[in-house]
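Asker:
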Amino acid sequence: MPDDLDALKQDTLRALEAAADPRAWDAVRVGTLGKSGRLTALLKELGRAAPEERRARGAALNALRDELGAAIEQRGRAIEAEALQARLLAERVDVTLPVAPEPSGLIHPLSRTVEEMVAIFGAMGFTVAEGPDIETDWHNFSALNTPAHHPARTDHDTFYLPPLDGEGPASRMLRTQTSGVQIRTMLSVPPPIRIIVPGRTYRADHDATHSPMFHQCEGLVVGPASGAQAITLGHLKGTVIEFLRAFFAMPSLPVRFRASYFPFTEPSMEIDIGWDRRTGEIGGGSDWLEVLGSGMVHPRVLANCGLDPRAWQGFAFGMGVERLCMLKHGIPDLRSLYESDLRWLRHYGSSPLSPVVLHEGI
Amino acid sequence: MKFTLSWLRDHLDTGATVEALCAALNRIGLEVEGVENRGAALAPFRTARILSAAPHPNADRLRVCTVDTGLEGAAPVQVVCGAPNARAGLSVVFAPPGTHVPGSGITIKAGEIRGQRSDGMLCSLRELGLGSEHDGIAELPPNTTPGQSYANYAGLDDPVIEIAVTPNRGDALAVRGIARDLAAAGLGHLRPWLADTVEGTFDSPIDWAVAFPDACPLVLGRTIRGVRNGPSPAWLQERLTAVGLRPISALVDVTNFFSFDLGRPLHVFDAGAVSGGVLTVRRGQGETLRALDGRDYVADAEDCVIADDAGVQSFAGLMGGEKTGCTETTTTVFVECALFDPVRIALSGRRHGLVSEARQRFERGIDPALPAAALEAATRMILELCGGEASEVVSAGAPPDWQRTASLRFGRIAELGGLAVPPDEAVHALETLGFAVRERDEGRATFAVPSWRNDVAAPVLLSLQPGSDGDEAEAVAAVEAVEAETDLVEEVLRLRGLDSVPPVILPALRPVPAASLTPRQGRNALARRVLASRGMMECVGFSFTAREHAARFGAVPESLRLLNPIAADLDQMRPTPLATLVQAAGRNAARGLPDLALFEVGAGFDETGQRTITAGLRAGRTARHPGRAARTTTVWDAKADASALLAALGVPADAVSVTADAPAHYHPGRSGVFRQGPRIVLGRFGELHPGVLAACGLDGPAGGFELFLDAVADPKRRRKGVPDLPSLQPVRRDFAFLVEKRVTADALLRAARGAERTLIAGVSLFDVFEGDKVPDGMRSMAIEVVFQPRERSLTDAELEAASARVVDAVAKATGAVLRS
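So the sequences go chain by chain: A and B.
Start counting the first sequence at 149; every next residue gets the next number (the working numbering).
Start counting the second sequence at 25; every next residue gets the next number (the working numbering).
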């Protein structure tokens, strides 16, 4: 290589080496290969050279042009990469910074419990019936075979509202049980009937284990009184056992049935589940805990609703939603359910994105 | 109802353990509420005798005693004792080393006390947990044999069982009734009971008159003269104490004994305090009676009382009067044994708030065949305990006609009860309960109902719906055809144990169950999920609140005010769950948690009834974060929540209009009402009125909403049409209008949207500006209009024409002019 070309080459490579940013690099590129670049100028001069010299010099110039072109391009890419690297370094953030909080909302455990009850009974063919919180004396008591003097009425500390025009005293009340909806259903829907009634109920009682407002879930099944389709106490037991075992997700939960009395059922029974009084563990231990009242619908209740008890019979049951909810989640204090204490709600609430579905387990 | 094991064994011949008896009681419907065995903790304590007591050589106050513990072959033991009354010859209670002393909680150790050996302890009653006396060690009667179990000796190893008695089982408020049930359940045999008649030797100076036969069909009585009243014997006192009664005097204790033993309340008058020779059962006449509980009661015409010449002396079936009550000085007593109408007793008792053992039994119904025998038994016991001489029995009224029969078709046990009990077994069980077979064939049996079971084959009373046109006589006949039989099925199943009924699965109505919720019910669940997904916490609040507070959120009619609230601040049905949410926010703020988002799906009440309201509340500030300052809640938060819910419920956004006439609990300038069409109000939203917030202890702004889910039309299950998916690109144009402030954004957007039905695919507001460069009373609103060509691309001229139509339509509807 002629000396002048070698000098150009060395100059250019040095200048490229020294170029630290795209502008300096571009100056080198233009100064070498641009219209008035040094190499371009040499190429232009080539025409004036003698033909024999031209060939050799042309080959050398072209080789130099290719070499420097590649070097410039390579240096350009390197500078670009350095610039990107520098930018990315400059853009570094503290990734341990917390993200902006998105407050999460949750479903109240009582709603969740009712939804679970609906899902389980729904799978057994029950539908949900509803009725008003403000009931008449007849729907809440009389139709349920609980006349005014009945001792069972003294167990219900009833909240009364002023009677409406033309009605007797003590005729309007907050329902003490959801059983009034049984009555409304039997009056409006012909059997067979298979309903549950979750809802608010009220009794004038307020202490650690009683709330003046609470929730019950009532069930009613009415079918034929005789023949192969007759609804028997065996069906009542089967329904309740399956419900309790599904609700607590314990296929062998011990369930005990004790004879009892309610004005609106006969035979009547109370239903206990096995638990450990000391640890509160469901299904373990040797103690029993009452969770439901139930029985075969009393013939008088059927007759009060216009059904012939010789033709129809069935069963009814009722349970405290709070009690089952507290047992399932280990909630110690009844009153906390209605306090709306944010900290409590965060602790016991359930995600709205995990609705109750039986195939996912409840 | 409490009773002791030994009392039960007076009536029941049984070898069953307490555990077995309790299990049976639970099974047959006499639920065990508790078993108390005071003897169990006292098992190591024995009777003993101090043989010698000498002063302790090293301590002035202590004595060194040698004690005969009575154990065969055992030498006397030495015990160091600090009691001043420890002396030779005294019968005492001795506890050997290792005994846990219930009264002090310590366990006795053998050892030396000040150098003297001590191998046990002599105890006071307080140390046994049996009282507060601690003057020294307990002194047992002289000649008490050493070595006996103290609990046994003192009658304390007798477990006390408490059961809950349901309202239908008056007969189980008697030890004898419980024994009968247990015998029928196979736990032993009922011992025979027969009252020996006591012949009267003179005419009773007090007689009966019944002026109120509806309330009192039968009353018996007799005078016993020459009695010595005083404390009753230890066995009787112990029994009454064990079941929770206070022994008073022999005469009174006898009546209480029979109240528990036979379920037969009695009353004793001090005959000397009765004026005139006649006790009359009559209606009250507004007189005041001081009863034995020391309280004064005013008896009105609905109450049944017993009166002498001087006035009312007893509240029939509830409680006797103080003036004629028996005392230590009573020498002549008149014993009353009556039947009273259960309903009247129940209502009187409830009206006067008077609870007594007598009322409990009378209101459930007393055995109508028992009065004569019970009076004889009581007479005999009084004569035994107090001496004296009995008169002839006097009476008024007649025994009621209580005989009834009940039939059982054996097949019904399985058809109703789900368990095929063999007929012989069913009949035997009923016979053990006292039912007597009158007729029996292969398929059925008819029984005479025992007098003490007024709950079986009771007269049928129905309560058809007021105003119903049902045939009551026909309905009664239908119930009569099955009810007594149902009673018998219940008895058979109860004694057999309901656990033995095999559970059966209900037949499926269809292979895959139908939805259990109606679409409307399903909306409540959806509303919960939507709002919780937006970061709101679900609450469950009381349906009632303080009237004063409720009034801040709506009407508070008298008809929705509780007559007997449990607390003054829970007396009014809430008009909306928003009312209780605001209170919840106040409570949280008071705990230092002012920033919150809450909601409730629950009932709100007004004069027309109740409706489901979904209410939400956001209060406080959003969380601070780097690059994002905290901000307070605004009307827009509330509107966003409510709009999201409406959208989720399927209400089309363009079907909803907003008017600025929300009720007074909202900020008058920052609230609105969602409407659909001219009549339907879907809900309301806004910042809450500062006055409402201040009253609830909230100081910042808060946004709330209420949606009436019942007002939302039922979702239609219609197949959707084909989607509109034009292949041409939409064209977007921005317009800025200058418009008077009174013109609402809604009006402007509607006008723009309506300008061109086919071409305009959407209109949205992107800027609102007032101030500099905008004239006073005006504001600038900028909207984006999306034109969607259908057939072919729009030419410039067509686009210009469409834009002009938008400007014209907006100008016409609102007076707005395009900003230049």
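Every residue gets a Cβ at the ideal spot worked out from N, C-alpha and C, and that includes glycine.
What you are looking at is a predicted structure, and each value in this text was computed from that prediction instead of being measured.
Residue 594(B): which of 384(A), 353(A) and 333(A) sits nearest, CA to CA?
Answerer: The option with the nearest alpha carbon to residue 594(B) is 353(A).
Asker: Determine the burial state of residue 280(B): buried for a count of at least 16 other Cβ atoms within 10 Å of its Cβ, exposed for fewer.
Answerer: Buried, by the Cβ-count rule.
Asker: With three or more C-beta pairs closer than 8 Å as the rule, is the stretch 222 to 234 of chain A touching the stretch 164 to 178 of chain A?
Answerer: As far as the Cβ criterion goes, the stretch 164 to 178 of chain A touches the stretch 222 to 234 of chain A, which means the pair count is three or higher.
Asker: Between residue 38(B) and chain A, is the shortest Cβ-Cβ distance under 9 Å, so that the two count as touching?
Answerer: Not closer than 9 Å to any Cβ of chain A, the Cβ of residue 38(B) fails to qualify, so no.
Asker: Mind listing the chain B neighbours of residue 405(A)? Cutoff is C-beta to C-beta under 7 Å, in chain order.
Answerer: Simply 522 and 523.
Asker: What would DSSP say about residue 439(B), mapped onto helix, strand or coil?
Answerer: It is helical.
Asker: Give the residues of chain A in contact with residue 633(B), contact being defined as C-beta atoms less than 8 Å apart.
Answerer: Residues of chain A passing the Cβ test: 280 and 282.
Asker: Could you check what DSSP says for residue 611(B) in three-state terms: helix, strand or coil?
Answerer: Helix, per DSSP.
Asker: Is the stretch 345 to 352 of chain B close to the stretch 362 to 375 of chain B, with three or more CB pairs under 8 Å?
Answerer: No, because fewer than three Cβ pairs between the stretch 345 to 352 of chain B and the stretch 362 to 375 of chain B fall closer than 8 Å, the two stretches do not touch.
Asker: Just to confirm, is the Cβ distance from residue 457(A) to residue 505(B) under 9 Å?
Answerer: Contact: yes.
Asker: Determine contact between the stretch 548 to 555 of chain B and the stretch 660 to 670 of chain B, defined as no fewer than three beta-carbon pairs at a distance below 8 Å.
Answerer: Contact holds: three or more Cβ-Cβ distances are below 8 Å.
Asker: What residues from chain B crowd round residue 336(A), counting only those whose CB sits closer than 7 Å?
Answerer: Per Cβ cutoff of 7 Å: no residues; residue 336(A) is ~11 Å from chain B at best.
Asker: Using 8 Å as the threshold, is the stretch 316 to 334 of chain B in touch with the stretch 386 to 400 of chain B, meaning 3 or more CB pairs across them?
Answerer: The stretch 316 to 334 of chain B vs the stretch 386 to 400 of chain B: no contact.
Asker: Taking beta-carbon pairs under 7 Å, can you tell me which members of the stretch 416 to 445 of chain A lie near chain B?
Answerer: Correct list: 417 and 444.
Asker: If we require 4 or more residues per run, which alpha helix (DSSP H) segments fall completely within the stretch 318 to 387 of chain B?
Answerer: With a minimum length of 4 residues, the continuous alpha helix (DSSP H) runs that stay inside the stretch 318 to 387 of chain B are 366 to 376.
Asker: So which residues on chain B does residue 274(A) lean against when the C-beta distance must stay under 7 Å?
Answerer: Under the 7 Å cutoff, chain B gives 540.
Asker: Using the beta-carbon count (16 or more within 10 Å), is residue 596(B) buried or exposed?
Answerer: Burial call: buried.
Asker: Specify the secondary structure class of residue 455(A) as computed by DSSP and reduced to three states.
Answerer: The answer is coil: DSSP assigns residue 455(A) none of H, G, I, E or B.
Asker: For residue 315(B), count the other beta carbons within 10 Å of its own beta carbon; 16 or more makes it buried, fewer makes it exposed. Which is it?
Answerer: Buried, by the Cβ-count rule.
Asker: Counting only runs that start and end within the stretch 196 to 240 of chain B, where is the alpha helix (DSSP H) found for 4 or more residues in a row?
Answerer: Within the stretch 196 to 240 of chain B, the complete alpha helix (DSSP H) runs of at least 4 residues are 199 to 208.
Asker: Among the residues of its own chain, which have a CB less than 7 Å from the CB of residue 106(B), if the five just before and after it don't count?
Answerer: For residue 106(B), where only same-chain residues beyond five positions count, the Cβ hits under 7 Å are 85 and 86.
Asker: Could you name the residues of the same chain whose beta carbon sits closer than 7 Å to that of residue 689(B), not counting the 5 residues immediately before and after it, in chain order?
Answerer: Result list for residue 689(B): 576, 577, 712, 713 and 716, in chain order.
Asker: Quick one: using the 10 Å Cβ neighbour count with 16 as the cut-off for buried, is residue 529(B) buried or exposed?
Answerer: With fewer than 16 Cβ atoms within 10 Å of its Cβ, residue 529(B) is classed as exposed.
Asker: Mind listing which residues of the stretch 308 to 326 of chain A have their C-beta closer than 7 Å to chain B's C-betas, in chain order?
Answerer: Here the close residues are 308, 309, 310 and 312.
Asker: Would you mind working out which of 275(A), 282(A), 153(A) and 263(A) sits nearest residue 216(A), comparing C-alpha positions?
Answerer: The candidate whose alpha carbon is nearest that of residue 216(A) is 153(A).
Asker: Which parts of the stretch 563 to 590 of chain B are runs of the beta strand (DSSP E), unbroken and 3 residues or longer, counting only runs that do not cross its ends?
Answerer: Here no run is fully enclosed.
Asker: Please confirm if the stretch 394 to 403 of chain A is in contact with the stretch 418 to 427 of chain A, defined as three or more CB-CB distances below 8 Å between the two stretches.
Answerer: Yes: at least three Cβ pairs fall under 8 Å.
Asker: Between the C-alpha atoms of residue 852(B) and residue 133(B), what's the straight-line distance to the nearest angstrom?
Answerer: Only positions 25 to 844 of chain B appear in the structure, and residue 852(B) is not among them; the question remains open.
Asker: Could you tell me which chain B residues have their CB closer than 8 Å to the CB of residue 381(A), listed as they occur along the chain?
Answerer: Result: 440, 441, 442, 443, 517, 522 and 525.
Asker: If you reduce the DSSP assignment to three classes, tell me which class residue 463(B) lands in.
Answerer: Note: residue 463(B) maps to strand in three-state DSSP.
Asker: At 3 residues or longer, what runs of the beta strand (DSSP E) sit wholly inside the stretch 304 to 392 of chain A?
Answerer: Counting only runs of 3 or more, we get 320 to 322, 341 to 350 and 361 to 372.
Asker: Please confirm if the stretch 739 to 758 of chain B is in contact with the stretch 690 to 708 of chain B, defined as three or more CB-CB distances below 8 Å between the two stretches.
Answerer: The answer is no - the stretch 690 to 708 of chain B does not touch the stretch 739 to 758 of chain B, with fewer than three Cβ pairs under 8 Å.
Asker: Exposed or buried, which one is residue 247(A) when buried takes at least 16 other CB atoms within 10 Å?
Answerer: Exposed, because fewer than 16 other Cβ atoms sit within 10 Å of the Cβ of residue 247(A).
Asker: Whose C-beta lies closer than 7 Å to the C-beta of residue 472(A) among residues of the same chain, with five residues either side of it excluded?
Answerer: Here the set comprises 261, 395 and 439.
Asker: Under the rule that 16 or more other beta-carbon atoms within 10 Å means buried, what is residue 197(A), buried or exposed?
Answerer: Under this definition residue 197(A) is an exposed residue.
Asker: Please confirm if residue 617(B) has its CB atom under 9 Å from at least one CB of chain A.
Answerer: Closer than 9 Å: yes.
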